[in-house]
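Asks: Protein chains in written order, with this note's numbering: chain A, 1 to 295; chain B, 1001 to 1295; chain C, 2001 to 2295; chain D, 3001 to 3295.
Here you go, one structure.
If you want it as structure tokens, here you go:
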């Protein structure tokens, strides 16, 4: 093997018949937490990557695509940004994006896996970019299920950044009627609940559609949106829920005004991007229109 | 290896450090034409796939995303659809989409590689779906460069479906001032020239930007648009050029009216999809706004 | 992917954590028989390869290492070569090696999978090299188990070329006391029973040792031998059983005399090679000396 | 990807069309020395592995096969073991094997890459097993070429454990007439010079044959021997050179007597193993008999 060839690779399995192989420049950490396996690596194209249970969670060079999409439509659409709740989001980048808006008085983040939070602080400081030490941040290491059952706060935005509800995932019990009801109770009536909501490719959109069908039982407006995230090699979907407004039809001027208030510059999101990600191709709208099972 | 495991794989290299591995169910053809290597395989997730020089050209289960995006915005935006010219497009799916509009009187397709055309007819009939025997189809096996230099026709739409101008590709000489000028000469003044135009990911958008910069020297309106194509594992970009109108700002009602005239149903494209694919994220607009080299 | 890169690969799994990837030049056949999946491919280093259930069975460029090792020590050591029985051996190369000795009057080969035999005749004629049409060859397509139960012949050599007795393999029921007793009944008292007998690497020699332990209950002399077969990426083991002589201690001159009678030239085997393959390294002799379970 | 699947792999390229993939349990070190890239990893089947420039150098679970084969035939065959010289051997396992014989008064080891030595001490202590602190060990970090040019010692055995003379390797200049002459000058007349000497598979034995042809110009007896090393996935060859005796014909009793003097137990080597590794198959003897180019 010539000196310039690569011997060190990360293999991600999407289906048993589909794998992505990425050369590794360095391994910063590889181990097991109480909840999942974790890898923190450096790659040539995507920079640092966080891997949980073998799946890419986010990558340095394009995590802003994911995190801006997750946070800003919801914050743009809520009537009151003073109190925000994040479920999951251990890397701290969701927290970072929320705290970029000066109207946020407090952001509570609940993640079950304290090791992911600490390892992200140590190895992935670009993700949180100081957010963990912002006085407005309240980080709770604990079970989101228990937190929601006992909490008494009311939030203008609830942002769910949990891993997918696959069988072995610690997120699996968090897709249930009890949790959805508790979330609605904690959300202000004029608030927005947004969640990362699986994939939206023509070949892997059924879990997303199931989530959307489920949430239509809880909210008047349930808007799917998605963007391709290169590090995920997938069209990644989200759902924004609100009783007050349909985020797919928000005024572009309102998005621009919201973005102008943010500290620092966006990489991905603005009014035109909003237009893009909430406009869905025919095949996805057809899938979303089908009836089927729910959580 | 248990009986259910896979021993047969297709490996596509995106960068020397990024590979995609797909299990193969069957190989229908593998060989060399006079111009390129060709593989026609069956895969579990994407169905049949056409591979040229190791790169995925299109896949049965999502080729409509690519081909509808390539053809329909241009046909929706031209003033006259009676004569259409396709450069490349050997599989026949671009021809199929063009001929779905009853206003097309003749569609001329020029592809240098007759073997790709014949093998596609034999092994990939779903791609052309009868288009090659449509009396409106005129298929020319030959060099697009020479065709453009000698042709005297005028076309309401010219659709360039050539492989990327990489060093070893037969398409390489087709990205030149001479070709761009010949294309403009063959295009009606109220026509649209559309081309597949490389990738638009944050990490591989520079070739696309170079193409767009180049074409701004030839047309008043040069609109980039893109969509993720799962089988390509890439955000695939196109450029629509016109002196008459900006396709990014076409009326949604006009798109709907156009689509209503098509024979058969679309899978991907309609007015909402048009809105999506022509709305670009911030980072891509910033890249397109940069100055830089041209072809 | 540059034109010279490879897109087409064969992946063989040795352990779930050990895989070998080989580029494929051509696929001659890929399908399922009634008993197993079968692939016949062309590779740059090993030439044509036969793959059953994902595992390499033999390769054009080094199959002689395997087949000469399987056949010639046994034929050199038997007292009477007139009647030989092969169990398995569908490709025909074991038959070819047996028939190279002019003293063989008849060689009966019993293989359950007629498709493997026919596909080998068609695509792998170098393996059998005419042996299937030799008038001394008797090919029985059928279950070796049933054949042994009903046959009345006596053989100077019985050569077992069955796939490994893994759970899903059609060979699994053939490693049983009933079969071992039937084989012994069919073997002349001065004959040799030889079988391919799994791997002999320091990390995968336990199945071989179990086979050897089992056979010591049936024969006075049970000699393990092995050779590395590059296409298998393994040290491949065999066991030669005899009540008459210990094949590990046969006279070198007797091997030379036997080889001199063979039609054509050997690639691998002669007296010095015999010395090599029957001399075992310390770790393997220690493993073989251990007590443990048997079939 | 289920939690039990592997995401972390080591890929070794043998030919551009042959790769071995091994899952990684841990990375202890990955970096660059002044001379080569180095990786120290943990794997499920082979334990710890040392990787230089992408190639496996040795693995915890079978390095004794390689190191016992490299050292003990030479020490068994020399007339005087008091002074031994090792060229290369940075991991310390060759030193360990030499020092197991109580007749060794001093063992000098010359390796150019002090980082490999230090990293091996730290991460691979099982390789040297205390040898670096044995008072008989003299470790010289420096260029073997310069050492041989200036040294005035005489050695009963010289053991060359250099990486292969590939184009980019630091070992490349060490396969030259000047070096071979210097080695002969430093070797006692009754001594043995042994070197690791590339691979001996039917498909990759030409470099070995070239080495053997070259050395026949310097010594009366030049004996090739080889063993399969599973972690190398190759038949690994060595050459033992002597003017006094042919190591392929040494008395088995002499080997047994030598082994009985060693401290601790062998894993691989004894008189029977010696018989195995010095007996060569037909195809290799034919290759060695050919004329051809030399270093």
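Every residue gets a Cβ at the ideal spot worked out from N, C-alpha and C, and that includes glycine.
Values in this document were obtained by computation on a predicted structure and should not be read as measured data.
Residue 238 of chain A bridges to which residues according to DSSP?
Replies: Residue 238 of chain A pairs with A:196 and A:225.
Asks: For the segment 2251–2270 of chain C, list every residue whose C-beta sits within 9 Å of some C-beta in chain D, in sequence order.
Replies: Per Cβ criterion, the list reads 2265, 2266, 2267, 2268, 2269 and 2270.
Asks: Using a 10 Å radius around the Cβ and a threshold of 16 neighbouring Cβ atoms, would you call residue 3281 of chain D buried or exposed?
Replies: Result: buried.
Asks: Taking residue 2235 of chain C as the query, report the chain D residues whose CB atoms sit under 7 Å from its CB, ordered along the chain.
Replies: Under the 7 Å cutoff, chain D gives 3228.
Asks: Starting from the beta carbon of residue 2026 of chain C, find every residue of chain B whose beta carbon is closer than 9 Å, and list them in chain order.
Replies: Near residue 2026 of chain C (Cβ distances below 9 Å), the residues of chain B are 1027, 1030 and 1031.
Asks: Is residue 1220 of chain B helix, strand or coil when you go by DSSP?
Replies: Coil.
Asks: Mind checking whether residue 2126 of chain C and residue 2105 of chain C have CB atoms under 8 Å apart?
Replies: Contact: no.
Asks: Does the beta carbon of residue 1280 of chain B come closer than 8 Å to any beta carbon on chain A?
Replies: Closer than 8 Å to some Cβ of chain A, the Cβ of residue 1280 of chain B qualifies, so yes.
Asks: Check whether the Cβ atoms of residue 151 of chain A and residue 201 of chain A sit closer than 8 Å, and answer yes or no.
Replies: Taking 8 Å as the Cβ cut-off, residue 151 of chain A and residue 201 of chain A do not qualify as a contacting pair.
Asks: Could you work out which residue in A:43, A:88, A:92 and A:221 is closest to residue 35 of chain A when comparing CA atoms only?
Replies: Considering only alpha carbons, the answer is A:88.
Asks: Under 8 Å by Cβ, that's how I've got residue 218 of chain A and residue 175 of chain A pegged, so tell me the actual separation to the nearest angstrom.
Replies: Incorrect: roughly 12 Å between the Cβ atoms, too far for contact.
Asks: Can you name the residues that DSSP bridges to residue 3082 of chain D?
Replies: Partner(s): none; residue 3082 of chain D has no beta bridge.
Asks: Within the 8 Å Cβ cut-off, does residue 2962 of chain D reach chain A?
Replies: Examination of residue 2962 of chain D is not possible in this model, given that chain D is present from 3001 through 3295 alone.
Asks: Can you list, in chain order, the residues of its chain with a C-beta nearer than 6 Å to that of residue 208 of chain A? Leave out the 5 residues immediately preceding and following it.
Replies: The answer, listed in chain order, is 197, 198, 200 and 237.
Asks: Anything in chain C within Cβ reach of residue 3201 of chain D, meaning under 7 Å, just list it in chain order.
Replies: What residue 3201 of chain D touches in chain C: 2230.
Asks: Give a yes or no on whether 8 Å exceeds the smallest Cβ distance from residue 51 of chain A to chain D.
Replies: Closer than 8 Å to some Cβ of chain D, the Cβ of residue 51 of chain A qualifies, so yes.
Asks: Output the distance between the C-alpha atoms of residue 4 of chain A and residue 21 of chain A, rounded to the nearest integer angstrom.
Replies: The predicted model places residue 4 of chain A with a pLDDT of 47, which falls under 50 and marks its position as unreliable, so this point remains unresolved.
Asks: Could you tell me which uninterrupted beta strand (DSSP E) segments, each at least 3 residues in length, are contained entirely in the segment 1087–1126 of chain B, listed from first to last along the chain?
Replies: For the segment 1087–1126 of chain B, whole beta strand (DSSP E) runs of length 3 or above, ordered along the chain, are 1106–1111.
Asks: For the segment 2246–2259 of chain C against the segment 3238–3248 of chain D, are there 3 or more C-beta pairs whose distance is under 8 Å?
Replies: Because the criterion of three Cβ pairs below 8 Å is not met, the segment 2246–2259 of chain C and the segment 3238–3248 of chain D do not touch.
Asks: Applying the criterion that 16 or more other CB atoms from any shown protein chain within 10 Å of the CB defines a buried residue, is residue 3014 of chain D buried or exposed?
Replies: Per the 10 Å Cβ criterion, buried.
Asks: Which whole-angstrom value describes the C-beta separation of residue 140 of chain A and residue 71 of chain A, a residue pair presumed to lie in contact below a C-beta threshold of 8 Å?
Replies: With a Cβ gap of about 18 Å, residue 140 of chain A and residue 71 of chain A do not count as contacting.
Asks: Near residue 2279 of chain C, which residues of its chain fall below 7 Å by C-beta distance, leaving aside the five closest residues on each side in sequence?
Replies: Answer for residue 2279 of chain C: no residue qualifies.
Asks: Per the contact definition of three or more C-beta pairs closer than 8 Å, is the segment 1049–1063 of chain B in contact with the segment 1112–1129 of chain B?
Replies: Touching, yes, given that three or more Cβ pairs across the two stretches are closer than 8 Å.
Asks: Out of C:2188, C:2269, C:2291 and C:2173, state which residue places its alpha-carbon closest to the alpha-carbon of residue 2244 of chain C.
Replies: The shortest Cα separation from residue 2244 of chain C among C:2188, C:2269, C:2291 and C:2173 belongs to C:2188.
Asks: Considering only their Cβ atoms, is the gap separating residue 3080 of chain D from residue 3156 of chain D smaller than 8 Å?
Replies: Their beta carbons are under 8 Å apart, which means residue 3156 of chain D touches residue 3080 of chain D by this criterion.
Asks: Whole angstroms is fine: what's the gap from residue 3043 of chain D's alpha carbon to residue 2285 of chain C's?
Replies: Spanning the two alpha carbons is a distance of roughly 26 Å.
Asks: Counting contacts by CB-CB distance shorter than 8 Å, is residue 1208 of chain B in contact with chain A?
Replies: Not an interface residue.
Asks: For residue 1031 of chain B, which residues of its own chain have a beta-carbon under 7 Å away from its beta-carbon, when the five flanking residues on both sides are left out?
Replies: Counting only Cβ-Cβ distances below 7 Å, and skipping sequence neighbours, we find 1038.
Asks: Could you tell me if residue 3261 of chain D is buried or exposed, where buried requires 16 or more neighbouring beta carbons within 10 angstroms of its beta carbon?
Replies: Answer is exposed; the Cβ neighbour count stays below 16.
Asks: Can you pull out the residues from the segment 2073–2107 of chain C whose beta carbon lies closer than 8 Å to at least one beta carbon of chain B?
Replies: Under the 8 Å Cβ criterion, the segment 2073–2107 of chain C contributes no residue.
Asks: Quick one: which unbroken beta strand (DSSP E) runs of 3-plus residues sit fully inside the segment 44–68 of chain A? Chain order, please.
Replies: Counting only runs of 3 or more, we get 47–52 and 55–59.
Asks: So if DSSP puts residue 251 of chain A in a beta bridge, which residue, or which two residues, is it bridged to?
Replies: The partner list for residue 251 of chain A (beta bridge, DSSP) is empty, contrary to what the question assumes.
Asks: Mind checking whether residue 1170 of chain B and residue 1112 of chain B have CB atoms under 8 Å apart?
Replies: Yes; because the gap between Cβ atoms is below 8 Å, this pair is in contact.
Asks: DSSP beta-bridge partners for residue 3009 of chain D?
Replies: Answer is A:9 and D:3023.
Asks: Check whether the Cβ of residue 2020 of chain C lies closer than 8 Å to any Cβ atom in chain D.
Replies: Taking Cβ atoms only, chain D reaches closer than 8 Å to residue 2020 of chain C, which makes this a yes.
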